[in-house]
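Peer 1: Just passing along the structure, written as structure tokens.
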Amino acid sequence: MTITQLKYVLAVAEHKNFTLAAEKCFVTQPTLSMQIQKIEEELSITIFDRSKKPIQLTDIGQKIVNQAKNIVNEADRIQDIVEQQKGFIGGEFRLGIIPTIMPTLLPMFLSNFINKYPKVKLIIEELNTEEIITKLNNGHLDAAIAATPLMEEKIKEVVLYFEPFVAYIPENHEHFQKKEIEINDLNLDEILLLQDGHCFRDGIINLCKNSNNNDTNRFQIESGSFETLIKLADEGLGTTLLPFLHTLDLKEKDKQKLRHFVEPKPAREVSLIYPKNELKIQIIDALRSTIAGVIKGAIVFQNVQIISPLQKK
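Residue numbering for the sequence shown follows the UniProt record's numbering, beginning at 1 and increasing consecutively.
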């Protein structure tokens, strides 16, 4: 059997469809089917149950797919070793970034990175945390930037920075006169939240569960963007919390409505995450170094309390 044949097996296992797998592998469907059949004949087993729709792995097929992932990863490592030895930093690199980080962090480092490493073809996707974990585990991302800790067995996390939560308090709110606020000042029932699926939303819920006002049975309004939440707060519909970097670009009149928390300030941990096999580690290190160089001037908070993005039961 060949590495190419194993890649065909992995594609069918992922897409559960021979035609779609062939398209993803840039071969014809008959070619892909024939190569997989050769493996099955060589091993005298059936990898896929073709009678089911969508196609399913057999029990032995699942074990073969698990091993095939290891073999393909190790084969990719050979090229990676050669590139590291030569000091080459280039090639295609697929990076995922969660939506609440992408619009603020990406403009800070992207230009520096592509200018310093012009041989890297950076492919960036905006994905939620669940999508990132799936794509990292399936080998469809090389690395990602997300809120951590995620406690994923096969994923390594390298902390980039800690980003405090900042409250946005409209002028008509009882806490507007305060210079700083405390966690116990939060009332989840009046906080405007991002839609379900955003880990920043889960962080806010976890933060509020640490306060005395922890009624999580109902939410007033949920939205897909911080800009909408700010406008709704200005209309007197509640308060909201923002990540610190997002507050830097607010208009001066809106910055007057920001209130920092007393120390230790609640914050999210933002990390560069990647598979533990550490493929393309030279590009990962270059990315980490570039981000560290631009973020140190923007994030200066030290005394923080990390709020987990994992949903509490």
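Positions of the beta carbon are idealized from the N, C-alpha and C atoms, including for glycine.
As a quick exercise: from 162, 103, 187 and 166, pick the residue whose alpha carbon is nearest that of residue 174.
Peer 2: Within the sequence shown, residue 174 is the residue found at index 174, counting from 1. Taking only the C-alpha atoms, the option nearest residue 174 is 187.
Peer 1: Count the other C-beta atoms from every protein chain shown that fall within 10 angstroms of the C-beta of residue 49, then say buried if there are 16 or more, exposed otherwise.
Peer 2: Here the question's residue 49 lines up with position 49 in the sequence shown. Label assigned to residue 49: exposed.
Peer 1: Using the rule of at least 16 other Cβ atoms within 10 Å of the residue's Cβ for burial, across every protein chain shown, is residue 251 buried or exposed?
Peer 2: Working through the sequence shown from its first residue, we reach residue 251 at position 251. Per the 10 Å Cβ criterion, exposed.
Peer 1: Kindly indicate which three-state DSSP category residue 249 falls into: helix, strand or coil?
Peer 2: Counting from one through the sequence shown, the residue named residue 249 turns up at place 249. Coil.
Peer 1: Do residue 243 and residue 200 have their C-beta atoms closer together than 8 Å?
Peer 2: Position 243 of the sequence shown holds residue 243. Position 200 of the sequence shown holds residue 200. A contact, by the Cβ cut-off of 8 Å.
Peer 1: From residue 61 to residue 93, what distance separates their C-alpha atoms?
Peer 2: Translated into positions along the sequence shown, residue 61 becomes position 61. Translated into positions along the sequence shown, residue 93 becomes position 93. Using only the alpha carbons, I get a separation of about 30 Å.
Peer 1: Touching or not, the segment 150-165 and the segment 112-120, by the rule of three or more beta carbon pairs under 8 Å?
Peer 2: no
Peer 1: If you scan the segment 143-205 from start to end, which runs of the beta strand (DSSP E) of 3 or more residues do you find wholly inside it?
Peer 2: 143-148, 155-168 and 191-194
Peer 1: At which residue ranges does the segment 9-61 contain complete beta strand (DSSP E) runs of 3 or more residues, listed in the order of the chain?
Peer 2: Taking only runs of at least 3 residues, no beta strand (DSSP E) segment lies wholly in the segment 9-61.
Peer 1: What are the start and end residues of the beta strand (DSSP E) that includes residue 355?
Peer 2: Since the displayed the chain opens at 1 and closes at 313, residue 355 lies outside it and no answer follows.
Peer 1: In this structure, how does DSSP classify residue 307 when only helix, strand and coil are distinguished?
Peer 2: As a first step, residue 307 is located in the sequence shown; it is residue number 307 there, counting from the start. Of the three classes helix, strand and coil, the one that applies to residue 307 here is coil, per DSSP.
Peer 1: Pick out whichever of 305, 299, 17 and 42 has its Cα sitting closest to the Cα of residue 206.
Peer 2: Stepping through the sequence shown from its first residue, residue 206 is reached at position 206. Answer by Cα proximity: 305.
Peer 1: For residue 317, which residues does DSSP report across the bridge?
Peer 2: Only positions 1 to 313 of the chain appear in this structure, which leaves residue 317 out of reach.
Peer 1: Is residue 106 near the ligand MG - that is, is its Cβ less than 7 Å away from at least one heavy atom of it?
Peer 2: Questions concerning the ligand MG fall outside what the structure shown contains, since it holds no ligand whatsoever.
Peer 1: Check this for me: beta carbons of residue 257 and residue 303, under 8 Å apart or not?
Peer 2: Within the sequence shown, residue 257 is the residue found at index 257, counting from 1. Within the sequence shown, residue 303 is the residue found at index 303, counting from 1. Going by C-beta atoms, residue 257 is not nearer than 8 Å to residue 303.
Peer 1: What separation, rounded to the nearest whole angstrom, lies between the Cα atoms of residue 263 and residue 74?
Peer 2: Locating residue 263 in the sequence shown gives position 263, where the first residue counts as 1. Locating residue 74 in the sequence shown gives position 74, where the first residue counts as 1. Their Cα atoms are separated by approximately 46 Å.
Peer 1: Please classify residue 182: is it buried, with 16 or more other beta-carbons within 10 angstroms of its beta-carbon, or exposed?
Peer 2: Here the question's residue 182 lines up with position 182 in the sequence shown. Per the 10 Å Cβ criterion, exposed.
Peer 1: Give me the residue from 9, 108, 56 and 125 with the minimum Cα distance to residue 298.
Peer 2: In the sequence shown, the residue the question calls residue 298 occupies position 298. It is 108.
Peer 1: With DSSP collapsed to three states, give me the class of residue 269.
Peer 2: On the sequence shown, position 269 is the one that residue 269 refers to. Annotated three-state conformation of residue 269 is strand, per DSSP.
Peer 1: Could you spell out the range, first to last residue, of the alpha helix (DSSP H) harbouring residue 113?
Peer 2: Along the sequence shown, read from residue 1 onward, the residue named residue 113 stands at position 113. Segment 102-116, the alpha helix (DSSP H) holding residue 113.
Peer 1: Taking DSSP's pairing of strands, which residues face residue 260 in a bridge?
Peer 2: Along the sequence shown, read from residue 1 onward, the residue named residue 260 stands at position 260. 180.
Peer 1: Just grab the DSSP bridge partners of residue 139 for me.
Peer 2: As a working mapping, residue 139 is identified with position 139 in the sequence shown. Bridge partners of residue 139: none, in fact.
Peer 1: Please identify the residue among 102, 139, 134 and 117 whose C-alpha is closest to the C-alpha of residue 124.
Peer 2: Against the sequence shown, residue 124 aligns to sequence position 124. Ranking the options by Cα distance to residue 124, first place goes to 102.
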